[in-house]
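One structure is given below, encoded as structure tokens.
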Amino acid sequence: MRRLRSLLRKEVRWSRHNLATLVLLLLVLPGGFVYTTTAFDQVIPRDSPVAVVPASEQVSDDDLDIATAAVTLFSEPRQYEDSEAGIEALRREQVYAVLEVPPDLTDETATANFTFYVDGSIVPYHEASEAIVSVLDYPLQRTLPADVSVEREVVGPEHSLSEYLVPVGLLLVVLLFAFAYVPYNLANERRVLDRLEVEASLEAVVASKLLFFGSLLVVPMAVVHLMSLWLGYANTGIAPAAVLAYLLTFFGLAALSTAIMLLFRFGVVGRFVNIVVLFGLLAFSNTIYPAGFFSPVRREIARLSPLHYSTIVARSSMLKGMTVWDFLDWFAALAVVTLGAFVLLELSIVRYRRVR
């Protein structure tokens, strides 16, 4: 423990000499990103999954099939047992709208009131959902004998696109820290690693860096919180579930990037591989647009990435106030992935010792 404290003090001294870089990464970058989101005000979504649910037990399978066929015109329908299950899927961004289907669609004397639920925090979808409701209303009225109406209802508070993008900006800071700053810091100390390992193990050296830089992430979170307050945004950069998601993401990705640097012995190839992994995660995890707006293949690729789930958790926590308990299964999976990254890191340290 004494050695770990001394290593942490060393990191503090090193950071004093690189204060300008830290200020840029921890203060200017997150604050600047939040401010630039004011330039965005609208976006048009692509095709996305929509839940089709019965409004009551009187809804027949034929009624659901008719509604499903209508939804197919503009989306990928997914049938759920009831409205509660559909709304839960909406909250977790497994679908991007919920169509509640009334009974007796083929009864000429009946009045069929459909309800189309959208989430106010999924801005790329709810801003265009009014047009989507019109697209849905037209074929239903033309093909059904019942008196049909489709009403749009927003679940939760509505947010602007600027607010929607703030969690993405904070995630970019986490990614840059994990894939750029941490490997850069470790590579600069390559020549003294042997001397450091005489005083403490390489595991302790790496652990001290991850703990130190992980604690520094509190700074951009606070900056996002203060900038959001100043701009009147509904975001909070200190939402517990978001903080936990960002930290798990940082530790997992920083462990991965450090393992890559050790495997390639701090060479240029290692830095290039880290850059490729960084851009690959950004390209295929759908951190900005929801995964449901892309092709089925692209959507499934995104849902294989832990970063995809970290983004949803952070956004849901910062915008909707959802808690750790709402995403316990996802946090468990993220923890397992992070643990796997640390196993890879330990294996890379063992290999580094053997071949140096």
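Heads up, the sequence shown is in my numbering, so the first residue is 428 and it goes up one at a time. For glycine and all other residues, C-beta sits at the position ideal for the given N, C-alpha and C. The structure displayed is predicted, hence computed values, not measured ones.
| Item | Value |
| --- | --- |
| Gly660 to Leu571, Cα distance in whole Å? | Note that residue 660 is Tyr in the sequence shown, not Gly. The alpha-carbon atoms of Tyr660 and Leu571 are separated by roughly 43 Å. |
| Pick out whichever of Leu563, His735 and Asp546 has its Cα sitting closest to the Cα of Ala760. | His735 |
| For Ser483, which option in Asn540, Glu630, Leu453 and Leu446 has the closest C-alpha, if you only look at C-alpha atoms? | Asn540 |
| Classify Phe543 as helix, strand or coil using the three-state DSSP reduction. | strand |
| Helix, strand or coil for Thr538 per DSSP? | strand |
| In the DSSP assignment, find the beta strand (DSSP E) that holds Arg505 and state where it starts and stops. | Glu503 to Gln506 |
| Measure the CB-CB distance between Val525 and Ile514 and report whether it falls below 8 Å. | yes |
| Entirely within the stretch 692-747 and at least 4 residues each: give me those alpha helix (DSSP H) ranges in chain order. | 695-711, 723-729 and 733-747 |
| State the DSSP-derived secondary structure class of Asp574, mapped to helix, strand or coil. | strand |
| How big is the Cα-Cα spacing for Pro530 and Glu727? | 33 Å |
| Does the beta-carbon of Thr750 have 16 or more other beta-carbons within 10 angstroms, so that it is buried, or is it exposed? | exposed |
| For Asn713, count neighbouring C-beta atoms within 10 Å of its own C-beta (all shown protein chains included) and say buried if the count is 16 or more, exposed if not. | buried |
| Please tell me whether Ile549 and Tyr565 are closer than 8 Å, where the distance is taken between their beta carbons. | no |
| What's the C-alpha gap between Leu755 and Val595? | 21 Å |
| Please return the same chain residues whose Cβ sits closer than 6 Å to the Cβ of Ala681, not counting the five positions on each side in sequence. | Ala605, Val609 and Leu637 |
| So for Leu644, helix, strand or coil by DSSP? | coil |
| The alpha helix (DSSP H) that contains Ala760, what's its start and end? | Leu755 to Val782 |
| May I have the straight-line CA-CA distance separating Val740 from Val696, to the nearest angstrom? | 33 Å |
| For a test of the three-state rule: what should DSSP assign to Leu690, helix, strand or coil? | helix |
| Between which two residues does the beta strand (DSSP E) harbouring Pro594 extend? | That residue, Pro594, is in no beta strand (DSSP E); its alpha helix (DSSP H) goes Leu588 to Leu603. |
| Taking three-plus beta-carbon pairs below 8 Å as touching, is the stretch 664-676 in contact with the stretch 649-656? | yes |
| Tell me whether Leu671 sits in a helix, a strand or coil according to DSSP, three-state version. | helix |
| What would DSSP say about Pro551, mapped onto helix, strand or coil? | helix |
| Does the separation of the CB atoms of Leu500 and Val562 fall below 8 Å? | yes |
| Let me confirm a value: Ser401 is counted as buried when at least 16 other C-beta atoms fall within 10 Å, else exposed. Which label applies? | With the chain running from 428 to 783 in the structure shown, residue 401 is simply not present. |
| Suppose you measure from the CA of Leu434 to the CA of Tyr779; what does that come to, to the nearest Å? | 20 Å |
| Less than 7 Å between C-beta atoms, sequence neighbours within five positions excluded: which residues of the same chain meet that for Pro457? | Gly596, Leu597, Val600, Pro647, Val650 and Val651 |
| Would you kindly report the start and end of the unbroken alpha helix (DSSP H) that includes Leu613? | Val609 to Asn615 |
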